[in-house]
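Q: The structure that follows is given in the form of structure tokens.
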Amino acid sequence: MHTRRKLPQVEPRNNNINACVCSKWEEVSIMDEKNIPIRTYQVCNVLEPNQNNWLRTDWIPRSGAQRVYVEVKFTLRDCNSLPGVTGTCKETFNLYYHESNEDRESYIKESSFIKVDTVAADESFTQVDVGDRIMKLNTEVRDVKVTTRKGFYLAFQDVGACIALVSVRVFYKTCPLTIRNLATFPDTVTGADTSSLVEVRGSCVNQSEEREEPKMYCGADGEWLVPIGGCLCSPGYEEKGSACKSCTAGFYKAKSSDPGCSKCPPHSHSLRDAATVCDCHSGYFRSDADPPSMACTQPPSAPQQLISVVNETSVVLEWTPPRRLGGRSDTSYSLECLICQTLCLPCGSDVLFSPSQTGLKTTKVVVSELRAHTHYTFIVHARNGVSLASGAGATQSVSVSVTTNQAAPSPVSFVQATDVTRHSLSLSWQQPDRPNGVILEYEVKFYEKDQKERSYRIMRTFSQSVDVTGLSPLTVYVFHVRARTAAGYGEFSAPFEFSTNSGIHALTFCTVFIISRRSKYSKTKQDSEEEKHLNPGVKIYVDPFTYEDPDQAIHDFAKEIDVSSIHIEKVIGMGEFGEVCSGRLRVQGKREIYVAIKSLKAGYSDKQRRDFLSEASIMGQFDHPNIIRLEGVVTRCKPLMIITEYMENGSLDSFLRKHDGQFTVIQLVGMLRGIASGMKYLSDMNYVHRDLAARNILVNSNLVCKVSDFGLSRVLEDDPEAAYTTRIPIRWTAPEAITYRKFTTSSDVWSYGIVMWEVVSYGERPYWDMNNQDVMKAVEEGYRLPAPMDCPVVLHQLMLDCWERERAERPTFSQILNMLDKLIRNPGTLRRTVHDRLLSAVTLLFPCVRRPTGSMLESGLGPEVCVSVVPEVCVPERSMCEWLQSIGLERYRDTLAAAGYTSLDSLLGITHQ
């Protein structure tokens, strides 16, 4: 509906608007068809040529209108009915307007008026018509754009017609006040142009709020068009008609987006109108995480039938669920341990609870590491989501008291060796942390490391030390120590390795192509192993395959996620078990985060399911900024999913190839430092990765590198007799791991050296196009990857250290991390590249050219290098290609050739510059 509003009406006047023209309009009273007198303005000077008669209205205020409409009703006589007027009679008149800010009716120039239109009659009358009282009334409407002044005048010009103006009505149009989508739109004047739309913003009705900004457009014809947005009734109110009415007692509305008022859920009520939540009945509660639509619930009753079974210093506790769960499904249990002598005091932190002490979903717990012959009280508490609600009272519990039995001592935790000679050494150790009685004796078992317990010796002593004699020189021995009480022997300690002396003083044999270095790692590695044994509180990795039930491992180490919290957006790759997607995870009370989602494809076997979930059980044990973070798993519906943090830049090898040459050396070292930090964390937890490669390192948007892919340890076992398997990534794996399946942290260090090479070469494939058999053969014969282009000397030296044949000679991840930190603090050490070292290689490896008898060189980090040259070894007849290949620099053959060095003789003139 549109509204027409009249402008203040002023009767037309018959007055002069031009000094030279006299108006012939006359005000005349006539009778209409109903015999009612009406007033008209008439003019009929049809006999005289060149008529110019004007009739002007009073000043009409605009009243905010931008376009006004003029409706004229008039009668006009047919010129053919008038004799003798040929050429002077007209059947039209003209409509004009003039805008003005004030009433200046005294005099307005004719030229100041603007013509609106020439108006013609649809029907004219004759004299007979008038006599017969047939009045042929014409109605014409014209629109005028008036937007610049406060008001305007209208004028009618007669140019020789016989006409009578019966009425003139002036009005403008508005879009009327309306309510649409709970928003009120006011009475709005239409626009100035016939095609214009006026945008109007609505206001939400009482007790409502904006869902989206409400807007509509007022059309030129006074109709509302294109409603956009709208409002929603506020919490506690619902839409009825075009208004928001309050929810009545017994009903509620929690959110404005809810469709309407809902009846209060069970065990709750609302006593007032406009309730946003229903209050719980007495004795019933709602947790902060419960939605208002959820029924009010109660805390659980106490657990039932608590049973205890004592086994030496361990207790198995088992119970049945509470009789009453309170109407909830989130019941959990926690244990309280008290050691009771004169008083009952909390147990120490050394007591172990498996699977956990709190947050238990199972009804069975094994408590170990208790004291022998000691009284304990265990209290099992049951709680659910409303147990901690205000007014809920204390949690319900059940308790049991037990006394532990006699038990064997705990393992010896630290063994050290002193007075080491060629054939003997002295061992000493500390008393077990839990002797569990009087130590009657200690037993020492030892054997040569290479014998692997196939042949060992036993020694017994009453003291905490023993002298071991009859040993072979320069041999590594493995020692285990255990204690005995009246309850029997405890378990053997972890292995401790010590080596006898060689008896040979400083005598080094070198050849021209072999560089023998002082080991700067073996002792430190041994020290770090001893430190690990001295810190039993360090978290140790638990192999999920030791669990009989894989679901229990998942429960212990991974968080179950509701599949409704996951929004999958797109597929980003294919994994071993199925698709890998990216998406978003929204957990109640936390902000939404981007995640990667691995899913297990349909039709999986039990083994595939276990292997798939084992990776989550492994990841769930790690918490480090350079290890991929597990967000949780979905196991209660299909498909099974593993949810991890999302790494925007994908795998490190692809990322480096995509950005070849775009990073500084310090940035590359920073990436390597992050990987080393993550691997140190894993090695400290006694976890061996077995598949460390740049493809298994992920990079986020901040260039933080994180170790991922913990699946290979599922398949490979430490079996020296096992056959070669294609599952082993040959190019990244240490020789002893390929040949003997000896996977250790040291073999991970070898793989880390390959990763260093991948990073510095921007994702180049290790050993290029060589096949796996050729790679194994070359590595076994002593070949090592040469330095990539522009590789700093210190970085390549660290790679070579990681690729030492003897694993004991390789650095630990702790030492690697320290080295990289030194490089970052002293970036000047990174300036010397392998290109700069080429001249040194020529000098050292060609004694027939320059014959040094020995030298001590020190790299940027300080490792000492002993170089001895045998003068008799000289091969000047070798080709340039053979020489470069022998020192691992064959990649630079074309570079040297382009610089003019095509023979060994030409190298004599090479300089550092």
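Under the working numbering, the first residue of the sequence shown is numbered 2, with each subsequent residue one higher.
Using N, Cα and C, we set each Cβ at its ideal position, and we do this for glycine too.
By the three-class DSSP mapping on this structure, what secondary structure does P736 have?
A: The answer is helix: DSSP assigns P736 an H, G or I state.
Q: Applying the criterion that 16 or more other CB atoms from any shown protein chain within 10 Å of the CB defines a buried residue, is C348 buried or exposed?
A: Burial call: buried.
Q: Between the segment 421-440 and the segment 335-345, are three or more C-beta pairs nearer than 8 angstroms?
A: At 8 angstroms Cβ cutoff, the stretches do not touch.
Q: Quick test of your reading: F157 and L77, contact by CB under 8 angstroms. State the CB separation rounded to the nearest angstrom.
A: About 12 angstroms; that fails the 8 angstroms criterion.
Q: Applying the criterion that 16 or more other CB atoms from any shown protein chain within 10 Å of the CB defines a buried residue, is E805 buried or exposed?
A: Answer is buried; the Cβ neighbour count reaches 16.
Q: Say whether the segment 478-487 touches the segment 410-419, bearing in mind that this needs 3 or more beta-carbon pairs closer than 8 angstroms, one atom from each stretch.
A: Enough Cβ pairs lie closer than 8 angstroms, so yes.
Q: Pull up the CB-CB distance for S283 and I180, whole angstroms please, since I reckon it's below 8 angstroms.
A: Wrong, their Cβ atoms sit about 43 angstroms apart, outside the cutoff.
Q: At which residues does the alpha helix (DSSP H) containing Q816 begin and terminate?
A: Per DSSP, Q816 belongs to the alpha helix (DSSP H) from F814 to R826.
Q: With a Cβ-Cβ cutoff of 7 angstroms, do R150 and E111 count as a contact?
A: In this structure, E111 does not lie closer than 7 angstroms to R150 by Cβ.
Q: By how many angstroms is the C-alpha of P292 removed from the C-alpha of R637?
A: Whole-angstrom Cα-Cα distance: 22 angstroms.
Q: Spatial neighbours of A898 within its chain, please: C-beta separation below 7 angstroms, excluding the five flanking residues on both sides.
A: Nothing meets the Cβ criterion.
Q: Go ahead and pull the three-state DSSP assignment for A488.
A: Three-state result, A488: coil.
Q: So what does DSSP say about L614, is it helix, strand or coil?
A: Three-state DSSP puts L614 in a helix.
Q: Ends of the beta strand (DSSP E) at E337?
A: Residues S333 to C341.
Q: Can you say whether M575 is buried or exposed, counting buried as having 16 or more other CB atoms within 10 angstroms of its CB?
A: So M575 ends up on the exposed side.
Q: Tell me, to the nearest whole angstrom, how far the beta carbon of G251 is from that of K264; I am working on the premise that it is less than 8 angstroms.
A: G251 to K264, Cβ: 7 angstroms. Contact.
Q: Cβ of V73 within 7 angstroms of Cβ of D159?
A: Contact: no.
Q: Enumerate, from N- to C-terminal direction, the unbroken beta strand (DSSP E) stretches of 3 or more residues contained entirely within the segment 623-698.
A: Listed in chain order, the complete beta strand (DSSP E) runs (minimum 3 residues) inside the segment 623-698 are 631-635 and 642-646.
Q: Who are H270's beta bridge partners in DSSP?
A: Paired residues: D280.
Q: Within the segment 750-823, note down every full alpha helix (DSSP H) run reaching 4 residues or more, in order along the chain.
A: Fully enclosed alpha helix (DSSP H) runs of 4 or longer: 773-781 and 794-803.
Q: Between G764 and the rest of its own chain, which residues show a CB-CB distance below 6 angstroms, the 5 nearest in sequence each way excluded?
A: Once the five neighbours on either side are set aside, the close Cβ partners of G764 are D654, L657 and R658.
Q: Let me make sure I understand the geometry here. Which of A694, K681 and Y443 has the alpha-carbon closest to that of Y490?
A: That would be Y443, whose Cα lies nearest to the Cα of Y490.
Q: Judging by CA-CA distance, which residue of G621, A735 and S168 is the nearest neighbour of G754?
A: It is A735 whose Cα lies nearest to the Cα of G754.
Q: Between which two residues does the beta strand (DSSP E) holding H376 run?
A: Taken as a continuous stretch (DSSP letters only), the beta strand (DSSP E) holding H376 covers H376 to R384.
Q: Report buried or exposed for T645, applying the criterion of at least 16 other Cβ atoms within 10 angstroms of its Cβ.
A: The residue is buried, with at least 16 neighbouring Cβ atoms inside 10 Å.
Q: Between the Cα of E570 and those of P545, D612, A597 and A559, spot the shortest distance and give me the residue it belongs to.
A: Looking at the Cα atoms, A597 is the closest of the given residues.
Q: By the DSSP assignment, the beta strand (DSSP E) with K447 in it spans what residues?
A: What sits at residue 447 in the sequence shown is Phe, not Lys. Unbroken beta strand (DSSP E) run through F447: E442 to E449.
Q: Which residues does DSSP list as the beta-bridge partners of Y902?
A: Y902 is not bridged to any residue.
Q: Between which two residues does the beta strand (DSSP E) holding Q431 run?
A: Per DSSP, Q431 belongs to no beta strand (DSSP E) and is neither H nor E.
Q: For a test of the three-state rule: what should DSSP assign to D222, helix, strand or coil?
A: In the structure shown, D222 sits in coil (DSSP, three-state: anything other than H, G, I, E or B).
Q: Hey, how far is the Cα of P301 from the Cα of L178?
A: Using only the alpha carbons, I get a separation of about 58 angstroms.
Q: Applying the criterion that 16 or more other CB atoms from any shown protein chain within 10 Å of the CB defines a buried residue, is G392 buried or exposed?
A: Exposed, by the Cβ-count rule.
Q: With a threshold of 6 angstroms on Cβ separation, who are the neighbours of R611 within its own chain once the five nearest residues in sequence on each side are excluded?
A: Taken in chain order, the residues that qualify are P551.
Q: Identify whether S907 lies in helix, strand or coil by the three-state DSSP scheme.
A: It is helical.
Q: By DSSP, does Q553 sit in helix, in strand, or in coil?
A: Here Q553 sits in helix by DSSP.
Q: In the DSSP assignment, what residue or residues form a beta bridge with H481?
A: Paired residue(s): K446.
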